[in-house]
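Reading through the structure tokens given below for one structure.
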Amino acid sequence: MACFECNLVEKGSAIAKEKHASAFLHVLPATIGHTIVIPTRHYPILEGVPDEAFENLAPLTKKISQVLFDALECQGTNILINNGTGAGQDSSHFMIHVLPRREGDGLHFGWRPQSFPEAYLNQFEEALKTTLQESAKVEQHHAVEALKTLKETESTRTYQIHHLRRIP
Ligand SMILES: [Zn+2]
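With the working numbering applied, the sequence shown corresponds to residues 15 to 182, in that order.
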């Protein structure tokens, strides 16, 4: 069965759309003008959304925010993604919320900053940078491998197997 947002797409009630993205007014808005921008196809979380779709989501989100500023003369917009149930996502369809904001509207997205020892933060940053670099290398390997696959030679296959074994 299609999810609620897939049904919205099916009904064709989008207020704006791009090839891979659609925008709808939220049926239970947090503020007037609360809009959701979703990939037209069903993807549960950000990590599953293909880059091609995200390339439509970003400009559509920007356009919606701009129109809300102009039409509502709001004082700001919050662009919000609840990515995963642990982050408060309550739909199985990935979405970007665009929330027009006004002083005294009663919404709060603040948090209290936490403090950690500097040595721990430095260690964490280094570990994260290493992980990101490794991740980029794996992606680069995939790209190289995809190109080599096109050649379909015996030596290419051996190279791929060699590298795949190294990827966790
Ligand atoms: Zn869906």
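Idealized CB from N, CA, C, for every residue including glycine.
Please read these numbers as outputs of a predicted model, since none were measured by experiment.
Considering only residues of the same chain and omitting the five flanking positions on each side of F123, which have a CB-CB separation below 8 Å? Cβ within range, chain order: N92, L94.
A48 by DSSP, collapsed to three states: which one? Note on residue identity: the sequence assigns His, not Ala, to residue 48. The three-state secondary structure of H48, taken from DSSP, is coil.
Terminal residues of the beta strand (DSSP E) in which P73 lies: First-last for P73: 65-86, but that is the alpha helix (DSSP H), not the beta strand (DSSP E).
What would DSSP say about G90, mapped onto helix, strand or coil? strand
State the Cα-Cα distance for the pair Y57 and I50, rounded to the nearest angstrom. 14 Å
Return helix, strand or coil for F38, following the three-state DSSP convention. strand
Below 7 Å, is the gap between the Cβ of H122 and the nearest heavy atom of ligand 3? Judged by which ligands are present, ligand 3 is missing from the structure shown, whose ligands are ligand 1.
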